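Residue numbers (numbering that gives the first Met the number 0): 0 to 72. Even glycine gets a Cβ: it sits at the ideal position worked out from N, Cα and C. Quick caveat: nothing in here was measured; it's all calculated off a predicted structure. The structure under discussion appears below in the form of structure tokens.
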Amino acid sequence: MRQYDDNGFIAVHDFNLEVKRGEFVTFLGPSGCGKTTTLRMIAGFDIPTSGEILLNGKSITSLPPYERPINTV
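Printed below as a string of structure tokens:
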């Protein structure tokens, strides 16, 4: 989950995603639905306020972006 303290807005809540090796994933949705926030958390540029980012069953939540084997566009 990612919540912003200044106004209590929850950008991402209860999100689960499983991507298999070789798959290509696209996030599509209206403005403000949490696409960019989700990508920023996966890439390590934004930290979840609760929950974890798992890769192959291991938490990468505390890894800096340059240590994550993640590519986003």
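query: Going by C-alpha distance, which of D13, A10 and I41 is nearest V24?
result: The shortest Cα separation from V24 among D13, A10 and I41 belongs to I41.
- prompt: What do you reckon, are the CB atoms on T36 and V11 nearer than 8 Å?
  reply: For T36 and V11, yes; Cβs fall inside 8 Å.
query: Can the beta-carbon of R67 be found less than 8 Å from the beta-carbon of G43?
result: Yes, the Cβ-Cβ distance between R67 and G43 is below 8 Å.
Simplified DSSP state of R67, which is helix, strand or coil: In the three-state reduction of the DSSP assignment, R67 falls in the coil class, being assigned neither a helical nor a strand state.
task: Measure the C-alpha to C-alpha separation of G73 and R1 and round it to an integer number of angstroms.
output: For residue 73 there is no data in the structure shown, the boundaries of the chain being 0 and 72.
As assigned by DSSP and simplified to three states, the class of L16: For L16, the three-state secondary structure derived from DSSP is coil.
query: Under a three-way DSSP split, which group does L38 fall into?
result: It is helical.
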